[in-house]
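Inspection log for the structure reproduced underneath, given as structure tokens.
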Amino acid sequence: MKTPTRIALRGDLLDFTADPGLSQPHDDAARAAVRWRPDHWLLVENGRIVDAQPVSSLQPGEDWKRIEHPGRWILPGFIDTHVHSAQVDVIGSWGSELLDWLSTHTYPAEQRMADPVLALQNSQLFVHALLSHGTTTACVFPTVHAASCEALYETAKAKGMRMIAGKVLMDRHAPEALLDDNPQKTAQICVDLVERWHGQGRVAVAITPRFAATSSPQQLQQAAELMRLAPDLYLQTHVAENRAEIDWVAQLYPEARSYLDVYDRHGLLGPRSILAHGIWLDDADRAALHKAGAQIAFCPSSNLFLGSGLFDWAQARDAGVAVTLASDVGGGTHLSMRRTMLAAYQVQAMRGGRVSAWALLHAATRGAAQALHLSDEIGTLQPGCLADITIWDSAVHPLSQRRQSVARDLHEQLFAWVTSGDESDLVETWVAGVRQFVRLD
Ligand code: GUN
Ligand code: ZN
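FYI, the numbering for the sequence shown is 4 to 444, going by the working numbering.
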């Protein structure tokens, strides 16, 4: 029998045991939800968290490999619920709103992924970049090319990483080279990907119609049929991001009450549906999302960069809709979930609200894990979860060190950390108990 790998990681553990609420950092709900365990051993056996004990009360035995990070923060790895792997090439493309941005910058970049060698290089760069930003799980749009999905799945599997992704479906209103021209062939490709990849390692397939404007009604129907291939497939798409996009979708689907209703009518809303943006939804849409148990991936960096609008987190929450956080690269300008949290705070501030550091960190960890039905595996430091974890300095730059030194409580520290630091604070990223990123000091 193989000897178990036993690792004891020492540091200050921070995770959540419940939802801390949106905007009150110091109320009872928040206090009860935040689990702060300074100077603890996190015990990991065969890739899984098995226990956590104060350093003062436990000395791990000889059969535990000790990794010591006293004074550093150990957090669950971040979860980015909406990102496009092939769009690393278009980050920071100047000058346009969504629809023009797609045709000018994005579709040409995605066309390059027809080359399997480039697709593999792109996936490797992308996955490494996620890990070097502290992201250990992502819901990803590769491109329409099966090879770009395969490359992403292969790369994630090699790292033992949780990855939710699927072939992008488009059969109209995009360059010919990116269109699915034969529904039978499309079905065959998707069935094959599901059969070979869904549940392989930690890969899960998401049926991925890009958005209502680039899928015909027949293709949306096909997406709903593909969802029946397995009960635990995900569905990911975009909704109500940009005014011109919404007008266009209304012309294309005149029978639908709203943009979201296009998906609802095609049976695409369910508890495993991830809808990016949702800025311009109305009450009926939010009620439909709540009823379906679907989540909104809030992409603040992208929404600001493309000038799409200011998503109202409180309104979605009040309607009982799960909201997670996402980078949406390349509409978003970086893969950093910390900068995404900052942007989320800023967008809510522009709407007159304030969200706590707890709400931000929770949305990027436990909240996303719950919305993805993966809370037994990721999102917390709970025994039983896989050890997808990140180890952080509270500050490395003198200015951030100074700011941390004058913080009066943990929330102030964490909020300043989220808003003013960067990934140079990231010391290590672990995936299923294996160190996959180490900062070079
Ligand atoms: N809507 C349809 N495709 C895309 C995309 O690639 N990025 C964003 N931000 N919105 C989209
Ligand atoms: Zn997107």
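Glycine residues also receive a C-beta, built at the ideal position from the N, C-alpha and C atoms.
Keep in mind that this is a model prediction, so the values were computed, not measured.
Proximal residues to residue i (C-beta, below 6 Å), its chain only, five neighbours per side dropped
| i | result |
| --- | --- |
| G204 | K160 |
| V265 | A215, Y256 and A259 |
| S378 | A372 |
| K68 | I10 |
| S276 | L238 and A297 |
| F418 | A360 |
| L128 | none |
| V93 | H108, T109, A112 and G333 |
Cβ-heavy atom distance, residue i to the ligand ZN, below 7 Å
| i | result |
| --- | --- |
| V331 | Val is not the amino acid found at residue 331; the sequence shown has Asp there. Flag set: Cβ of D331 near the ligand ZN. |
| H337 | no |
| A177 | no |
| F129 | no |
| F447 | The chain is shown only over 4 to 444; residue 447 falls outside these bounds and no answer can be derived. |
| F81 | no |
| F144 | yes |
| A347 | no |
| A3 | Not covered by the structure: residue 3. The range shown for the chain is 4 to 444. |
| H85 | yes |
Residue j beta carbon less than 8 Å from that of residue i
| i | j | result |
| --- | --- | --- |
| A149 | L182 | no |
| G310 | E100 | yes |
| S126 | T84 | no |
| G163 | V434 | yes |
| C388 | I381 | yes |
| D18 | R369 | yes |
| S304 | R268 | no |
| A360 | P28 | yes |
| A168 | A117 | no |
| Q239 | C152 | no |
| V326 | A366 | yes |
| Q222 | P234 | no |
| V53 | P274 | no |
| V47 | L12 | yes |
| A374 | G436 | no |
| V242 | L278 | yes |
| L292 | I299 | yes |
| M173 | S135 | no |
| M353 | L313 | yes |
| P57 | G14 | no |
| V171 | V147 | yes |
| S261 | D288 | yes |
| L133 | L271 | no |
| N306 | V350 | yes |
| L102 | L384 | no |
| L236 | L263 | no |
Contact set for residue i: own chain, Cβ-Cβ below 7 Å, skip 5 residues either direction
| i | result |
| --- | --- |
| S423 | S403 and R406 |
| W200 | Y156, V206 and V208 |
| A317 | L25 and G356 |
Cβ-based neighbour list, residue i, same chain, cut-off 8 Å, excluding 5 preceding and 5 following
| i | result |
| --- | --- |
| Y348 | R357, V358, L363, V421 and T422 |
| Q416 | S397, Q407 and A410 |
| G24 | D30, A32, A33, A36, S359, W361 and A362 |
| D184 | D174 |
Closer than 7 Å: residue i CB and nearest the ligand PLP heavy atom
| i | result |
| --- | --- |
| D31 | Judged by which ligands are present, the ligand PLP is missing from the structure shown, whose ligands are the ligand GUN and the ligand ZN. |
Self-check item: Residues with C-beta closer than 6 Å to any heavy atom of the ligand GUN, in chain order
Solution: H87, L101, L105, T109, R213, F214, H241, E244, S305, D331 and G334
Quiz item: Should the stretch 164-181 be called in touch with the stretch 103-120, which here means at least 3 C-beta pairs below 8 Å?
Solution: yes
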